[in-house]
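Residue 321 in this note's numbering sits at position 293 of the sequence shown; the count goes up by one each step and never skips. All residues carry an ideal CB built from backbone N, CA and C; glycine is no exception. If you're wondering where the values come from, they're calculated on a predicted model, not measured in any experiment.
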Amino acid sequence: MKPTLDLSSFKNNDIRGIIGSQINEPFAYLLGKAFGEYLLSGNAKTPSAWHPVVIGRDNRETSLSLQEAITAGLIESGISVIDLGMTGTEEVYFATRHLKAIGGIQITASHNPINYNGMKLVGADASPISKNSGLDKIKRRIKELYQELNADLSVGHVQPNNSAISTSILAPYIDHLLSYITPSKISPMKIVVNAGNGVAGHVIDALEKKFKELSAPITFIKVHHTPDGNFPNGIPNPLIIENQIATRNAVLEHSADLGIAWDGDFDRCFFFDEKGNYIEGYYIVGLLAEAFLLKEPNATVLHDMRMTWNTIEVANKLGGKAVAVKAGHALIKEKMRELNAVYGGEMSAHHYFRDFGYCDSGMIPWLLIIELMSKTQQSLHQLTNSSMDRFPSSGEINRKVSDPEQVMAYVLSHYQVDAIEVDHTDGLSMNMGTWRFNLRKSNTEPLIRLNVETKQDRTLLSLKVDELLSFLI
């Protein structure tokens with residue numbers, strides 16, 4: 029019996045869906061075949077040409093079988109496949125560039141529930157493949173292949189001599205990570221690292237070994253370090269309050285200098301200071317802007333529209349240029365290339381780096397921050413607390429509303445007369461002088477996302493958050 033095909037797993041920037049009904053081996057096989065055809069359509073097909081695609085996977089229970097099915101489809105399309113094994117998403121990005129592949133694919137559901145899986149796709153040079161830059165074409169081709177193949181959706185008929193080539197890029201990847209800092213200048217430091225039973229552990233282990241070789245005085249306290257696709261300590265999503273407890277407690281128990289937690293595929297990292305306080309991503313963007321501008325004065329850094337004042341102040345103070353852009357990895361990467369921006373940051377903990385092919389990384393940020401702590405001889409609390417006092421913020425607040433467009437129109441009309449600046453780059457941003465806010469619609473749910481910040485006034489922050497929330501019904 030021919031399996032059904034559900035393509036609702038295609039999102040704006042990647043593929044994510046429920047295992048079985050949406051994400052399964054026949055779907056993965058069709059995806060591999062369609063992805064291979066898409067990539068080859070943009071590359072010369074000559075008998076001597078080698079057209080490799082790198083593939084990696086996280087540690088979810090279904091990721092290996094999905095990888096095998098995708099590999100079968102890729103090979104049938106005429107693609108040579110380089111198997112990286114169990115990796116983080118950014119290792120696929122790095123390998124795509126390092127090995128000069130024509131594309132890359134990571135099987136991961138990152139921080140999604142345990143019954144999910146998905147895929148992230150990139151083209152040559154790790155360029156993003158999103159809805160408007162190839163993902164829709166791949167989706168349409170899957171539908172066509174589904175009709176053409178009729179009942180033949182077997183994934184086991186690839187010739188044994190056409191199997192993937194296994195390789196490791198860990199050593200050059202680690203060298204690249206360390207190129208962002210000067211390890212010999214790092215102060216003695218004790219760091220809690222929480223991989224969340226995802227796939228960050230092997231990179232931490234490799235960095236630990238390298239630090240020892242370089243005599244860098246770093247001690248790691250490892251929490252939930254071993255990969256386990258059953259996620260016995262909860263889904264690897266450090267934004268969930270309960271999931272922050274283990275990192276916070278370890279920081280306090282071991283008197284650590286900071287704590288770092290990652291999501292499942294470690295493309296995002298989350299920070300805790302030496303007091304165990306979780307640091308909002310907004311303030312991390314400011315720290316990373318500072319780290320780069322100290323190295324490269326007059327450089328351009330990008331930030332999203334949700335909260336802006338702290339990043340702008342940092343850039344102005346150090347002679348750099350801060351440019352606000354709409355959130356979303358494809359948009360940020362495109363703008364970074366256009367402006368030759370050294371760094372781009374979102375308060376959602378996505379951090380993009382020019383010298384990493386404009387890709388996001390969950391490893392580069394903490395290396396830069398421990399170097400900044402060493403340079404300034406300040407703790408993470410000291411580095412962030414003054415920014416929090418100058419620009420207190422609400423963090424992102426989500427509310428379900430019946431009609432997001434109507435709500436945003438009402439909020440605009442209510443505040444417009446007093447607004448110094450109104451911006452529609454990403455939702456609705458309004459600067460009221462001593463406070464500002466951003467309202468954005470969710471792309472997938474009837475949700476409004478609210479962010480508010482003020483200038484040195486926590487009482488005003490609380491007042492304005494409550495006031496705005498009263499409109500979000």
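Residue i, enclosing beta strand (DSSP E) - first and last residue
i    : result
L112 : S108 to M114
D451 : E449 to D451
L33  : Element bounds for L33: n/a, residue is neither H nor E.
M460 : Careful: M460 lies outside any beta strand (DSSP E) and carries neither H nor E.
G226 : Taken as a continuous stretch (DSSP letters only), G226 belongs to no beta strand (DSSP E), as it is neither H nor E.
R85  : P80 to R85
Pick from the options that is closest to residue i, judged by C-alpha positions
i    : options                   : result
D164 : S36, H253 and N225        : S36
R85  : A56, H79, G70 and I107    : A56
Y443 : I46, N459, T339 and D295  : N459
V150 : N326, R125 and S376       : R125
L456 : P54, I166, P216 and E433  : E433
G314 : L491, I288 and G373       : G373
Y306 : N413, A228 and T487       : N413
N265 : E399, I219, I246 and G226 : G226
N338 : L112, E270 and E308       : E308
I214 : V120, A137, I202 and K403 : K403
L400 : G106, T210 and L67        : T210
I197 : N160, E176, K218 and K128 : K128
G45  : K159, V109, M147 and Y311 : M147
P80  : I476, I130, M114 and N479 : I130
T328 : R334, D451, G356 and L367 : L367
E502 : G48, D446, A352 and L206  : Residue 502 falls outside the range modelled here, since the chain spans only 29 to 501, and no answer is possible.
G229 : S108, G423, S498 and M114 : M114
K171 : K39, L59 and R468         : L59
N471 : A355, L94 and I273        : A355
Segment limits, alpha helix (DSSP H) that includes residue i
i    : result
T487 : R486 to L497
V445 : Looking at the DSSP string, V445 is not in any alpha helix (DSSP H), and its letter there is neither H nor E.
K61  : E53 to S69
V251 : Element bounds for V251: not the alpha helix (DSSP H) but the beta strand (DSSP E), I246 to V251.
K240 : G229 to E241
P200 : L198 to L206
The ligand NAP heavy atom lying under 7 angstroms from the CB of residue i
i    : result
D494 : The ligand content of the structure shown is nil, which means the ligand NAP is not present either.
Secondary structure of residue i, DSSP reduced to three states
i    : result
M335 : coil
Y306 : strand
F545 : No answer is possible for residue 545: the residues shown for the chain start at 29 and end at 501.
N426 : strand
V480 : strand
M436 : helix
K128 : coil
Q95  : helix
L500 : coil
F465 : strand
K218 : strand
I47  : strand
I103 : helix
T74  : Note that T74 has pLDDT 44, beneath the 50 cutoff, so the model's placement of it is unreliable and no number is given.
I209 : coil
E135 : Note that residue 135 is Ile in the sequence shown here, rather than Glu. Strand.
N189 : With a pLDDT of 46 at N189, under the threshold of 50, the modelled position of that residue is not reliable, and no figure is offered here.
T328 : strand
C-beta neighbour in chain B for residue i, strict 8 angstroms
i    : result
R486 : Protein chains in the displayed structure number just one, and chain B is not present.
>> Count Cβ pairs between the region 139-151 and the region 411-421 that sit closer than 8 angstroms; are there 3 or more?
In response: no
> Could you give the uninterrupted runs of the beta strand (DSSP E) lying entirely in the region 145-173, keeping only those of 3 residues or more?
Replying inline: none
> Between the region 372-387 and the region 297-316, are three or more C-beta pairs nearer than 8 angstroms?
Replying inline: yes
>> Runs of 3 residues minimum, wholly inside the region 343-415: which ones carry the beta strand (DSSP E) assignment?
In response: 349-353, 371-373 and 379-381
> Quick one: complete alpha helix (DSSP H) runs, 4+ long, within the region 255-322?
Replying inline: 269-281
> On the three-pair Cβ rule with 8 angstroms, is the region 234-243 touching the region 277-296?
Replying inline: no
>> Three Cβ pairs or more, each shorter than 8 angstroms: is that satisfied between the region 104-121 and the region 193-202?
In response: yes
> So, do the region 253-268 and the region 319-329 have three or more beta carbon pairs nearer to each other than 8 angstroms?
Replying inline: no
>> Quick check: the region 48-68 against the region 96-103, are at least 3 beta-carbon pairs closer than 8 angstroms?
In response: yes
>> Quick check: the region 391-399 against the region 345-358, are at least 3 beta-carbon pairs closer than 8 angstroms?
In response: no
> If we count Cβ pairs, one from each stretch, closer than 8 angstroms, do we get three or more for the region 244-254 versus the region 351-364?
Replying inline: no
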